[in-house]
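A.B. asks: Below is a structure I'd like to ask you about.
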Amino acid sequence: TPAVAPGSLGDRVWMDANSDGLQDASEPGISGIGLWLYASNGALLGHAVTDGSGSFLFTGVPEGSHVLRVDTGTLPGDLVATFDRDGILNNKTPINMGTGDIVLDADFGYRSLSAPTPTATATPTLGPTSTATSTPAPTNTPTVGPTATPTSTPTYTPVPTDTPVPTATATAGAQSIGDRIWLDENGDGVQDANEPGLANVVVRLYASSGSVLGTATSDSSGAYLFNDLPAGDHVVRIDKGSLPANVIVTFERDGILNHKTPVRVLPGESWLDVDFGYQVVSAAAAQAFDDTLPDCRVDQTCLPGEMMEVKEQFFLPVIAK
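Numbering-wise (the numbering used here), the sequence shown opens with residue 8 and increments by one.
Dropping the structure here:
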C-alpha cells in the first residue's frame, strides 16, 4: 500500500449494525456521504464524499484546530450515530493537526433505527482504524485539494469561495435548517422507531439580531424545514403554546433543554439534525421544569434582548457544523 502524504485526514463512515461502536469485518461502509472540513474560525477548508467502501480523504490539510463534520443531509433516512472520534455522537469531531500530520482515525459509525440489532459474530477491530483504501495525494498539491483517483478513491472536491455548494437532498435548499419534533415516550433523548412525531408544533427561526426569519409548522411525522436561508447565526425556537399540555424537553441539539437551539449556518450548509424531543409528564412536573428556566424563556418574551446571551453560544469551540 502506498504511503499517505503528509497533511492528510480521513478515514471511514460505516454501518455499525450491532451498535457497538466497533468496525466489525462484516459491517459495510456507507457511500455517498458528504463531509465538510472547517478551520476553528469557521472557514471552510474542503469537502469530500465517501467512496463505495465508506472511505474519505482530505489532503494538504494545514496545521491547526479544525472541525470535521458529516453532512447529515446526505445520510440515509433513519440513521443515528454510534461512534465518532471524540465520543460526543453529534456528527462532527474536532481535529488538531500539526505540520505534516497524518490522521487516519476520523471515523463515524451509524446504525439504523428501523433495523433490528444483531449480535456481532465477527472479530471487531477498534472503531478508529486506518483503511487500505486511503489514497496518497499528489506531491504537487500544496493546499487542500482533490486526491488522485484510482478505482475506489473517495471523491474529494475543494469548495469554491464564490458560490454555495448545493446539498445532496431533493427538498432542502442551499442553506436549510430542519428536522423533527417527536414524542420521546421513554424520556431517553433518542428517537426510537416506535416514537411518533408531534404534529402542528410551531417553530420560529430568528436571526441573531432577534428578527424573525421564518415560521414553520411540523407535519404529521413531526418534520419541519426552513429553506433558502441566509448564512449567519440563527436560533431555532419552539413555540411552547403549540405544544401538547404537560410536556418537558428531553432532547435538543445543544443539550440546554430550553426550547431553542443556536445554529451557525455557513454558505451551502444544511442543518438537518435540529431535533427536539418532548415527554408527557404530570402537570406538577411540567410546572417544576418550567420553573427552572428564567421567566422570559417560559413566556417567550425575551427576544430580541436575549440574543446577546444566546449569541455567546455561537463562539464556543467546535460550534461550527
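From the three backbone atoms N, C-alpha and C, an ideal C-beta is built for every residue, glycine too.
Rounding to the nearest angstrom, what Cα-Cα distance links A230 and G185 in this structure?
C.D. replies: 7 Å
A.B. asks: Quick check: the Cα distance between G41 and D240, rounded to an integer number of angstroms?
C.D. replies: 22 Å
A.B. asks: Under the assumption that G204 contacts G284 (Cβ atoms under 8 Å), give the Cβ distance between them as a whole number of angstroms.
C.D. replies: Between G284 and G204 the Cβ distance is about 11 Å, and since that is not below 8 Å, they are no contact.
A.B. asks: Quick check: the Cα distance between T81 and W43, rounded to an integer number of angstroms?
C.D. replies: Within the model, the alpha-carbon separation for T81 versus W43 is close to 12 Å.
A.B. asks: Can the beta-carbon of I37 be found closer than 7 Å to that of L75?
C.D. replies: Not in contact: I37 and L75 (Cβ atoms no closer than 7 Å).
A.B. asks: Quick one: residues in its chain with C-beta nearer than 7 Å to the C-beta of E259, no 5 flanking neighbours on either side, listed in chain order?
C.D. replies: T268 and F283
A.B. asks: With a threshold of 16 other CB atoms inside 10 Å of the CB of N201, please say whether the residue is buried or exposed.
C.D. replies: exposed
A.B. asks: For A206, name the three-state secondary structure that DSSP assigns.
C.D. replies: coil
A.B. asks: Excluding sequence positions up to five away, which residues of its chain have a Cβ less than 8 Å from the Cβ of N253?
C.D. replies: V287, V288, S289, A290, A292 and A293
A.B. asks: So K267 is in the beta strand (DSSP E); what residue range does that whole segment cover?
C.D. replies: K267 to V272
A.B. asks: Over what stretch of residues does the beta strand (DSSP E) that includes S33 continue unbroken?
C.D. replies: Note, S33: premise wrong, no beta strand (DSSP E); not H, not E.
A.B. asks: What's the C-alpha gap between A24 and S218?
C.D. replies: 44 Å
A.B. asks: Please confirm whether S227 and A206 have their CB atoms less than 7 Å apart.
C.D. replies: yes
A.B. asks: Would A295 be called buried (16 or more neighbouring beta carbons within 10 Å of its own) or exposed?
C.D. replies: exposed
A.B. asks: Distance, Cα to Cα, V270 vs Q30?
C.D. replies: 31 Å
A.B. asks: Taking G275 as the reference, which of T106, P35, M22 and A50 has the closest Cα?
C.D. replies: A50
A.B. asks: Rounding to the nearest angstrom, what Cα-Cα distance links D280 and M104 in this structure?
C.D. replies: 27 Å
A.B. asks: Compare the Cα-Cα distances from V11 to each of L236, Q198 and V110 and report the closest residue.
C.D. replies: V110
A.B. asks: Buried or exposed, going by whether 16 or more other CB atoms sit within 10 Å of the CB of T138?
C.D. replies: Residue placement at T138 is poorly supported in this model, since its pLDDT is 42, which falls under 50; the coordinates are not used for a value here.
A.B. asks: Pick from T57, L236 and V209: whose alpha carbon is nearest that of A223?
C.D. replies: Ranked by how close their Cα comes to the Cα of A223, the residues T57, L236 and V209 have V209 in first place.
A.B. asks: Could you tell me whether the Cβ atoms of L212 and F233 are closer together than 7 Å?
C.D. replies: yes
A.B. asks: With A113 and L16 assumed to form a contact (beta carbons below 8 Å), what rounded beta-carbon distance in angstroms separates them?
C.D. replies: 6 Å
A.B. asks: Can you have a look at E70 and say buried or exposed, based on whether 16 or more other CB atoms are within 10 angstroms of its CB?
C.D. replies: exposed
A.B. asks: Per DSSP, F296 forms a beta bridge with which residues?
C.D. replies: In DSSP, F296 forms no bridge with anything.
A.B. asks: For T79, which three-state DSSP category applies?
C.D. replies: helix
A.B. asks: So the candidates are L86, V272 and G248; which of them puts its Cα closest to the Cα of G116?
C.D. replies: Closest by C-alpha distance to G116, out of L86, V272 and G248, is L86.
A.B. asks: Cα-Cα, which of S277, D297 and S216 is closest to G248?
C.D. replies: Nearest neighbour of G248 by Cα position, chosen from S277, D297 and S216, turns out to be D297.
A.B. asks: Cβ atoms of G107 and G14: under 7 Å apart, would you say?
C.D. replies: Cβ atoms of G14 and G107: closer than 7 Å.
A.B. asks: Closest by CA to R187, which one among G28, G59, G84 and F63?
C.D. replies: G84
A.B. asks: Can you tell me which residues form a DSSP beta bridge with T100?
C.D. replies: L75
A.B. asks: Reducing DSSP to helix, strand and coil, say where V317 ends up.
C.D. replies: Any answer about V317 is weak, because its pLDDT of 37 lies below 50 and its placement is not dependable; what the coordinates show is given next. Helix.
A.B. asks: Does A46 come out as helix, strand or coil in the three-state DSSP assignment?
C.D. replies: strand
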